[in-house]
Amino acid sequence: MKYDVRNEEIRRVVEVLSENWEVYEFFLEKRRTDLETLKKNTELPEEKLLESVESLKEAGLVEDWKHDPENPLHLTSFGNYLMRLMKKAHYFYSK
């Protein structure tokens, strides 16, 4: 079986998710938030939290959203797609 670039990208996204699951999980519930809310709802030190958010941004799962000043961090369309995919997988595996 041949591997192409997309497989590398998928592996990288999975790595980022596993390393930053606590923060991404919060986005799965809220879809958008701000750093203060994240700080209150995760048990990560601030430096680790900021690193985690940056990693999620680099993986294309979270983006800065200037149109919502109260919640400037949003899931990207890819982040939303992945969330729906995981919910479907959970539904099928929980049967």
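Just so we're aligned: 16 in our numbering is position 16 of the sequence shown, and the numbers increase by one with no gaps anywhere.
Beta carbons are placed, not taken as given, at the ideal position from N, Cα and C, and that holds for glycine.
(Q) Taking the beta strand (DSSP E) that residue 73 belongs to, which residues open and close that run? (A) 73 to 75
Q.
In the DSSP output, what is residue 33 paired with across the bridge?
A. 73
Q.
What I want to know is whether the C-beta of residue 62 ends up closer than 7 angstroms to one or more non-hydrogen atoms of the ligand COA.
A. Among the ligands in the structure shown, none appear at all, so the ligand COA cannot be discussed.
Q. If you draw a straight line from the alpha carbon of residue 73 to that of residue 86, how long is it in whole angstroms?
A. 21 angstroms
Q.
Let me check understanding here. Comparing Cα to Cα, which of 28, 23, 51, 19 lies closest to residue 40?
A. 23
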